[in-house]
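Trainee: I have a structure I would like to understand better, so I am pasting it below and will then ask my questions one at a time.
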Amino acid sequence: MDIGNLFCDHQKMDVSNIKLNNITQEEVFHLIVEKLFANPIFSGGALLSIAGFFWYFVDWAWSIGNRLFRERYFTSLELTNENMTYRWVVDHINRNSKWETRNLSVESTLDENETGVSSLKHKFIPGLGNHYFYYKSRLVYFERTRDKRNVLVTDERGMNFNKRMETVTLSTYGGSIEFWRQFLDDASKECLDAMDKGLAIHTNRTDYWEENGNPKRKRAMETVILADGVSESVYNDVKSFLTCSLWYHDRGIPYRRGYLLYGPPGTGKSSFIAALASEFGYGIAMLSLTNKFLSDSDLHYLLNNAPKKCFIILEDIDAAFKNRDKKEENEENKNTVDSSITLSGLLNAIDGIASSEERILFMTTNYKEHLDSAIIRPGRIDFQVYLGLCTPEMTKKMFKRFFENVSEELINKFSEATSKFDKSFSPAELQKHLILYKDSPEAAIEHVNDLC
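Written as structure tokens, this is what we have:
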């Protein structure tokens, strides 16, 4: 009996006369299934569902098997862009390894040569996703990911910022801790060698450090003209400090050193620090205290996590703090409106119980008298240096440096001409004048009154 026709014609038939005693439930089920699969739409959908389930099962089994295999036979190394070695590793892979990918990221920089001509340079690095490269004849898998939770974050101070978290995961078959240690040593050595060839500048972005472009050209000590004995005394003190860490540790003295450079504007405070850093193969970490979103905890974190082998500079410290003893002149002198840093927060960050060691800190100010005495007491500031306006000897040195083959007669003539002025001038003002007449020492002497 055709059950399908029976169902279709049930309204026309007298079902009370039909006998189903000989049809089992199993036969009814098979007849229904046969009719359903005879329908091309149903059968196609069923096959797709079965194929999808099968593919899902295969993918799931592959993922589980691959993960178990990697956990057992692979070693991995994970780095985030919060780690200082993150950029070193990416650059090392880019320079020395044969990596294969069709997914690229580009970093562009604007360089300027000695003639002032600018050119745009591009550097390609592996983009987000999976790649592989060869290191010491070993295949290494390289996955670069970016956190999808990159959202606009508002902190407790009301500051909005994007948290761009990136992760690099490296893995290789076999391997060992020693393999990854050698890999990191090679990457860091290349970066440190590059730093030795240039002056790395780091700046703070509220609560983290960021390298400010490519390393700058190093500056020689002799290019910064100071009064006799000043540069030598600071240089010798820094050199002594860097060579006696064990002496500090044996005596339980925190291994850190603080310097204050003070004097009128344009006397070479920042230039001198750059020359010192260049001489010792250090970089510079410039910390701005006038950022109104910078908190005490941020400052403490920045000082404790400053880039290695860097002089930390707090420029124009007087712009953030005034002398507490002058309340009668201005009640708000303790802290300018542009800074959220408290005086106690700064003092604790510099030499509190949780302060970092192996640190060289420079402060600069144009107005030492505005500084609170607590900031510059011994232990926080160990060496104070005054950088003043041009003396006759400084004027001669700078004139001779600009005009290498100039005669002693012209040098003395220029010095005598400038010594007749009623007011002194800064090295920056003198440099501006000499640059203007850099092609003619006679013209520099002739127009010396422009310095007035």
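FYI, numbering that gives the first Met the number 0 numbers position 240 of the sequence shown as 239, with every residue one higher than the one before it. Built from N, CA and C at the ideal position, the CB exists for glycine as well.
Pair every Cβ in the segment 258-276 with every Cβ in the segment 179-188, then say whether three or more of these pairs are closer than 8 Å.
Mentor: Result no; under three Cβ-Cβ pairs closer than 8 Å.
Trainee: What do you get for S270, buried or exposed, if any count of 16 or more other CB atoms within 10 angstroms of its CB means buried?
Mentor: Taking the sequence shown and counting its residues from 1, the one referred to as residue 270 is at position 271. S270 should be labelled buried.
Trainee: Based on the DSSP output, what are the partners of W61 in its beta bridges?
Mentor: Along the sequence shown, one-based indexing puts residue 61 at 62. For W61, which the question treats as bridged, DSSP gives no partner whatsoever.
Trainee: Starting from R250, trace the beta strand (DSSP E) in both directions and tell me its first and last residue.
Mentor: For this step, residue 250 is matched to residue 251 along the sequence shown. Neither: R250 is in no beta strand (DSSP E) and is coded neither H nor E.
Trainee: Please go through the same chain and pick out, in chain order, the residues whose beta-carbon is closer than 8 Å to the beta-carbon of M397, but skip the five residues on each side of it.
Mentor: Counting from one through the sequence shown, the residue named residue 397 turns up at place 398. Excluding residues within five positions, the ones whose Cβ falls inside 8 Å are I224, C389, P426, L429, Q430 and L433.
Trainee: Verify whether the separation of the beta carbon atoms of G174 and T74 is less than 8 Å.
Mentor: Sequence index remark: in the sequence shown, residue 174 carries index 175 (1-based). Sequence index remark: in the sequence shown, residue 74 carries index 75 (1-based). In this structure, T74 lies closer than 8 Å to G174 by Cβ.
Trainee: Around the C-beta of L293, are 16 or more other C-beta atoms found within 10 angstroms, so that it is buried, or is it exposed?
Mentor: As a working mapping, residue 293 is identified with position 294 in the sequence shown. That one is buried.
Trainee: Output the boundary residues of the alpha helix (DSSP H) element that contains R400.
Mentor: By 1-based counting over the sequence shown, the position of residue 400 is 401. Taken as a continuous stretch (DSSP letters only), the alpha helix (DSSP H) holding R400 covers P391 to F401.
Trainee: Is H299 buried or exposed, if buried means 16 or more other CB atoms sit within 10 Å of its CB?
Mentor: Stepping through the sequence shown from its first residue, residue 299 is reached at position 300. Classification for H299: buried.
Trainee: Just to confirm, are A348 and S354 a CB contact at a threshold of 8 Å?
Mentor: The sequence position of residue 348 within the sequence shown is 349, counting from 1. The sequence position of residue 354 within the sequence shown is 355, counting from 1. Result yes, Cβ atoms of A348 and S354 sit closer than 8 Å.
Trainee: Just confirm the distance between the C-beta atoms of T341 and D295, as a whole number of angstroms; I'd bet it's less than 8 Å.
Mentor: By 1-based counting over the sequence shown, the position of residue 341 is 342. By 1-based counting over the sequence shown, the position of residue 295 is 296. Right, the Cβ-Cβ distance comes to about 6 Å (below 8 Å), so this counts as a contact.
Trainee: Let's test the definition: count the other Cβ atoms within 10 Å of the Cβ of W208 and tell me whether it reaches 16, buried, or not, exposed.
Mentor: Here residue 208 is taken as the residue at index 209 of the sequence shown, counted from 1. With 16 or more other Cβ atoms within 10 Å, it is buried.
Trainee: Please work out which residues of its chain come closer than 8 Å, Cβ to Cβ, to I49, disregarding the five sequence neighbours upstream and downstream, and give them in chain order.
Mentor: To locate residue 49, count along the sequence shown from 1; it is residue 50. The answer is none, since no qualifying residue turns up.
Trainee: In chain order, what residues of the same chain have a beta carbon less than 7 Å from the beta carbon of D449, not counting five sequence neighbours either side?
Mentor: As a position in the sequence shown, residue 449 is number 450, starting the count at 1. So the list reads H432, once near-sequence residues are dropped.
Trainee: By the three-class DSSP mapping on this structure, what secondary structure does V447 have?
Mentor: Counting from 1 along the sequence shown, the entry for residue 447 is found at position 448. In the structure shown, V447 sits in a helix (DSSP, three-state: H, G or I).
Trainee: Is the beta carbon of D317 less than 8 Å from the beta carbon of H369?
Mentor: As a first step, residue 317 is located in the sequence shown; it is residue number 318 there, counting from the start. As a first step, residue 369 is located in the sequence shown; it is residue number 370 there, counting from the start. In this structure, H369 lies closer than 8 Å to D317 by Cβ.
Trainee: Which first and last residues belong to the beta strand (DSSP E) in which N129 is found?
Mentor: By 1-based counting over the sequence shown, the position of residue 129 is 130. Its beta strand (DSSP E) spans residues G128 to Y134.
Trainee: List the endpoints of the continuous alpha helix (DSSP H) containing F361.
Mentor: On the sequence shown, position 362 is the one that residue 361 refers to. Element bounds for F361: not the alpha helix (DSSP H) but the beta strand (DSSP E), R358 to T364.
Trainee: Hey, out of L260, Y55 and E165, whose CA is closest to T363's CA?
Mentor: Position 364 of the sequence shown holds residue 363. Of the listed residues, the one whose Cα sits closest to T363 is L260.
Trainee: Look at the alpha carbon of Y172 and the alpha carbon of V139, and state the distance between them as a whole number of angstroms.
Mentor: Taking the sequence shown and counting its residues from 1, one reaches residue 172 at position 173. Taking the sequence shown and counting its residues from 1, one reaches residue 139 at position 140. So the alpha carbons of these two residues sit roughly 8 Å apart.
Trainee: Just how far apart, CA to CA, sit T205 and E441?
Mentor: Residue 205 sits at position 206 when you count from the first residue of the sequence shown. Residue 441 sits at position 442 when you count from the first residue of the sequence shown. Roughly 50 Å between the two C-alpha positions.
Trainee: From what residue to what residue does the beta strand (DSSP E) around I311 run?
Mentor: Indexing the sequence shown from 1 puts residue 311 at position 312. C309 to L313 is the span of the beta strand (DSSP E), which, as asked, contains I311.
Trainee: Any idea what DSSP makes of I124, helix, strand or coil?
Mentor: Position 125 of the sequence shown, counted from the start, is the residue given in the question as residue 124. Three-state result, I124: strand.
Trainee: Residues bridged to R216 by DSSP?
Mentor: To locate residue 216, count along the sequence shown from 1; it is residue 217. For R216, which the question treats as bridged, DSSP gives no partner whatsoever.
Trainee: Rounded to whole angstroms, how far is the Cβ of D195 from the Cβ of H91, which I believe are closer than 8 Å?
Mentor: Walking along the sequence shown from the start, residue 195 turns up at place 196. Walking along the sequence shown from the start, residue 91 turns up at place 92. With 8 Å as the limit, D195 and H91 do not qualify as a contact, their Cβ atoms being about 16 Å apart.
Trainee: With DSSP as the reference, label E330 as helix, strand or coil.
Mentor: Position 331 of the sequence shown holds residue 330. Caution is warranted here: a pLDDT of 46 is assigned to E330, below 50, making its placement in the model unreliable, and no coordinate value can be reported.
Trainee: Out of K367, E314, A373 and A305, which has the shortest C-alpha to C-alpha gap to L346?
Mentor: As a working mapping, residue 346 is identified with position 347 in the sequence shown. The candidate whose alpha carbon is nearest that of L346 is A373.
Trainee: Since I believe I312 is in contact with R358 (beta carbons under 8 Å), could you give me their beta-carbon distance rounded to a whole number of angstroms?
Mentor: For the purposes of this step, residue 358 is taken as the residue at position 359 of the sequence shown. For the purposes of this step, residue 312 is taken as the residue at position 313 of the sequence shown. That pair is no contact at about 12 Å.
Trainee: From which residue to which residue does the beta strand (DSSP E) around F141 run?
Mentor: To locate residue 141, count along the sequence shown from 1; it is residue 142. Segment R137 to R145, the beta strand (DSSP E) holding F141.
Trainee: Looking at C-alpha atoms only, which residue of F240, N404 and G282 is the closest neighbour of K218?
Mentor: As a first step, residue 218 is located in the sequence shown; it is residue number 219 there, counting from the start. Just to set this straight, residue 218 is Arg in the shown sequence, not Lys. Selected option, being the one with the closest Cα: G282.
Trainee: Give the straight-line distance between the Cα atoms of R86 and S414, rounded to the nearest whole angstrom.
Mentor: Translated into the one-based positions of the sequence shown, residue 86 becomes position 87. Translated into the one-based positions of the sequence shown, residue 414 becomes position 415. Taking the straight line from one Cα to the other gives about 50 Å.
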